[in-house]
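Just so you know, the sequence shown maps onto residues 141 to 535 in my numbering.
Ideal Cβ placement from N, Cα and C applies to all residues, glycine included.
These notes concern the structure reproduced below.
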Amino acid sequence: MNPTTLHPGPGGFYGEFGGAYVPEMLWPNVKELQDHYLEILEDPAFLAEYYRLLKEYAGRPTPLYPAERLSQHYGTHIFLKREDLTHTGAHKINNALGQILLARRLGKERIIAETGAGQHGVATATVCARMGMHCTIYMGALDVQRQRPNVERMKLLGATVVPVTSGNQTLKDAVNEALRDWISHPGETYYLIGSAVGPHPYPDLVARLQSVISEELLWQFPELTDRREPDAILACVGGGSNAAGAFYHYLDNDRVRLIAAEAGGKGVESGETAATIALGKTGILHGCKSYVIQDDDGQITEPYSVSAGLDYPGLGPLLSHLFVTGRAAFHTVNDDEALAATLLLARLEGIIPALESGHALALLDKLSFKPEENIIINLSGRGDKDMETILKRMG
Numbered sequence: 141m142n143p144t145t146l147h148p149g150p151g152g153f154y155g156e157f158g159g160a161y162v163p164e165m166l167w168p169n170v171k172e173l174q175d176h177y178l179e180i181l182e183d184p185a186f187l188a189e190y191y192r193l194l195k196e197y198a199g200r201p202t203p204l205y206p207a208e209r210l211s212q213h214y215g216t217h218i219f220l221k222r223e224d225l226t227h228t229g230a231h232k233i234n235n236a237l238g239q240i241l242l243a244r245r246l247g248k249e250r251i252i253a254e255t256g257a258g259q260h261g262v263a264t265a266t267v268c269a270r271m272g273m274h275c276t277i278y279m280g281a282l283d284v285q286r287q288r289p290n291v292e293r294m295k296l297l298g299a300t301v302v303p304v305t306s307g308n309q310t311l312k313d314a315v316n317e318a319l320r321d322w323i324s325h326p327g328e329t330y331y332l333i334g335s336a337v338g339p340h341p342y343p344d345l346v347a348r349l350q351s352v353i354s355e356e357l358l359w360q361f362p363e364l365t366d367r368r369e370p371d372a373i374l375a376c377v378g379g380g381s382n383a384a385g386a387f388y389h390y391l392d393n394d395r396v397r398l399i400a401a402e403a404g405g406k407g408v409e410s411g412e413t414a415a416t417i418a419l420g421k422t423g424i425l426h427g428c429k430s431y432v433i434q435d436d437d438g439q440i441t442e443p444y445s446v447s448a449g450l451d452y453p454g455l456g457p458l459l460s461h462l463f464v465t466g467r468a469a470f471h472t473v474n475d476d477e478a479l480a481a482t483l484l485l486a487r488l489e490g491i492i493p494a495l496e497s498g499h500a501l502a503l504l505d506k507l508s509f510k511p512e513e514n515i516i517i518n519l520s521g522r523g524d525k526d527m528e529t530i531l532k533r534m535g
């Protein structure tokens with residue numbers, strides 16, 4: 141693989157995807173990040189504090205769990221990377237901790253963020269409470285209703301939660317409102333983006349902070365097996381942060397297949413879907429060039445998924461690049477398939493995953509793996525937040 145698969149090239153581009161397409165008022169903030177993020181991320185003092193907090197506060201390393209009953213069911217060797225066991229219950233804490241430390245280094249006093257499923261919102265509210273910083277979270281009004289437990293957690297942590305009533309009231313619209321806030325308060329505000337999307341350097345910044353997932357896999361997998369590397373790594377994708385983190389240290393290792401599950405919603409042709417790769421084409425969304433679901437006039441199509449965290453009409457530039465270069469394979473998983481996989485894991489392993497992770501688990505029904513193969517699934521979060529949705533769908 142070309143090394144630029146791992147890091148963006150000039151201007152923040154992975155091949156043709158990336159860049160920084162922002163209003164003039166935001167350019168000083170974006171340029172400040174571009175100029176300083178690598179210097180800060182590579183500073184020994186920053187790294188020492190970041191890894192200390194990951195260990196003592198977030199609970200890393202997360203286990204790599206051999207799922208024996210699930211493996212027997214599918215006739216292959218399946219391992220679950222247990223991001224659901226982190227503090228706040230999802231991989232989002234990895235990124236939030238790193239970015240709050242970066243924001244503090246830049247002298248910012250106010251944090252804003254967007255959230256869909258609420259896990260990034262909870263993680264951001266958590267680290268803001270830990271650091272004593274003001275926190276405002278934008279969340280689509282529909283997501284506020286279907287992710288009520290996470291809304292209450294954010295409020296309990298001291299964050300201001302702003303329901304967004306524009307568009308279809310989900311993640312895309314929350315990002316829009318967060319960007320409007322940033323334009324109105326550019327000086328003192330840091331926008332803590334939750335996924336590997338947005339203007340450069342955010343996609344690279346988020347991928348680097350989430351790469352702790354695959355960094356741990358590099359030593360955890362050989363400890364459990366007689367192999368150096370797995371045959372495949374599976375992850376769900378919305379914007380792409382958990383997939384970027386799980387794939388990161390294997391991007392240049394062609395022996396490891398990288399497989400992503402995107403949200404098909406009620407079906408790719410139903411008009412109610414978030415299947416970006418299946419339906420999308422190159423466009424500009426939220427400050428970067430990437431794959432985007434849009435109509436013939438270039439207008440963004442309203443996405444849908446039973447999973448609030450995958451309800452996004454785009455795919456980050458790194459994942460878009462991995463698709464067009466063939467490094468990662470993408471498959472569409474519909475609502476019912478993700479719900480069935482979620483229930484199966486609960487019944488076989490006593491683990492209730494987030495519906496986002498259920499999409500990755502559903503790939504086991506759509507793909508064939510040999511008995512001798514070793515498959516890692518990144519279990520990006522736990523399902524507490526989705527219980528109301530799951531129970532309603534179960535009848």
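Secondary structure at residue i, three-state DSSP: helix, strand or coil?
| i | result |
| --- | --- |
| K406 | coil |
| F555 | Past the boundaries of the shown model lies residue 555; the chain is included only from 141 to 535, so the question cannot be answered. |
| L391 | coil |
| V352 | helix |
| V377 | strand |
| N142 | Caution applies to N142, whose pLDDT of 41 falls short of 50 and renders its modelled position unreliable; the model cannot decide the point. |
| V301 | strand |
| R367 | coil |
| R397 | strand |
| F463 | helix |
| L181 | helix |
| G542 | The displayed coordinates of the chain run from 141 to 535. Any statement about residue 542 would go beyond what the structure contains. |
| A372 | strand |
Using only the alpha-carbon positions, how far apart do residue i and residue j sit?
| i | j | result |
| --- | --- | --- |
| N142 | F157 | Reliability of the predicted coordinates at N142 is poor, the pLDDT of 41 falling under 50, and the value obtained from them is presented with this limitation in mind. Their backbone Cα atoms lie some 15 Å apart in a straight line. |
| H389 | G272 | 33 Å |
| A481 | S508 | 15 Å |
| A375 | H499 | 8 Å |
| R522 | N234 | 15 Å |
| T266 | M294 | 8 Å |
| D475 | G247 | 43 Å |
| S324 | V170 | 15 Å |
| T144 | F153 | The predicted position of T144 is uncertain, since its pLDDT is 45 and thus under 50; a value taken from the coordinates is nonetheless stated next. Computed Cα separation, rounded: 9 Å. |
| R200 | K312 | 30 Å |
| S497 | D183 | 33 Å |
| A403 | I492 | 19 Å |
| Q287 | A253 | 16 Å |
| V162 | L297 | 31 Å |
| L187 | L178 | 12 Å |
| L204 | R222 | 6 Å |
| Y330 | L210 | 42 Å |
| A415 | G405 | 8 Å |
| M544 | P326 | Beyond the ends of the chain as shown, which are 141 and 535, falls residue 544; an answer cannot be given. |
| E356 | R397 | 18 Å |
| E317 | V446 | 22 Å |
| V377 | I424 | 18 Å |
| A401 | S381 | 13 Å |
Start and end of the beta strand (DSSP E) containing residue i?
| i | result |
| --- | --- |
| G385 | No beta strand (DSSP E) contains G385, which is instead part of the alpha helix (DSSP H) from S381 to F387. |
| Y190 | Element bounds for Y190: not the beta strand (DSSP E) but the alpha helix (DSSP H), P184 to E196. |
| S430 | C428 to V432 |
| Y330 | T329 to Y331 |
| Y214 | Premise fails: Y214 lies in the alpha helix (DSSP H), E208 to Y214, not in any beta strand (DSSP E). |
| T255 | R250 to T255 |
| G238 | No beta strand (DSSP E) contains G238, which is instead part of the alpha helix (DSSP H) from K232 to R245. |
| L519 | N514 to L519 |
Grab the span of the alpha helix (DSSP H) containing residue i for me, first residue to last.
| i | result |
| --- | --- |
| G261 | Q259 to M271 |
| L166 | Per DSSP, L166 belongs to no alpha helix (DSSP H) and is neither H nor E. |
| H499 | L495 to L501 |
| K312 | L311 to S324 |
| L425 | Taken as a continuous stretch (DSSP letters only), L425 belongs to no alpha helix (DSSP H), being part of the beta strand (DSSP E) at K421 to L425. |
| K570 | Residue 570 is absent from the model: the chain starts at 141 and stops at 535. |
| A481 | D475 to E489 |
| N290 | R288 to L296 |
| T276 | Unbroken run through T276 is the beta strand (DSSP E), H274 to G280; no alpha helix (DSSP H). |
| R533 | M527 to M534 |
For chain B, is any of its Cβ atoms less than 8 Å away from the one on residue i?
| i | result |
| --- | --- |
| M165 | The displayed structure is made up of one protein chain only, and chain B is not part of it. |
In its own chain, which residues sit with a C-beta less than 8 Å from the C-beta of residue i, not counting the 5 before and 5 after it?
| i | result |
| --- | --- |
| K506 | H471, V473 and E477 |
| L419 | V408, T413, I433 and T441 |
| P168 | P326 |
Beta-carbon within less than 7 Å of residue i's beta-carbon, same chain only, minus the 5 sequence neighbours each way: which residues are those?
| i | result |
| --- | --- |
| P303 | M279, A281 and V284 |
| D524 | G229 and P289 |
Excluding the 5 residues flanking residue i on each side, which residues of the same chain have their C-beta closer than 6 Å to its C-beta?
| i | result |
| --- | --- |
| A469 | I399 |
| Q309 | G280, A281 and L282 |
| R533 | L479 |
Contact the segment 187 to 198 vs the segment 356 to 369: 3+ CB pairs below 8 Å: In the pairwise beta carbon analysis, the segment 187 to 198 is classified as not touching the segment 356 to 369: fewer than three pairs are separated by under 8 Å.
The segment 274 to 283 in contact with the segment 225 to 233 per 3-pair CB rule at 8 Å: Not touching, per the Cβ criterion.
Stretch pair the segment 452 to 460 + the segment 330 to 339: three plus CB contacts closer than 8 Å: Verdict: yes, contact present.
Three or more C-beta pairs below 8 Å linking the segment 485 to 502 and the segment 418 to 437: Contact between the segment 485 to 502 and the segment 418 to 437 is absent, because fewer than three Cβ pairs lie under 8 Å.
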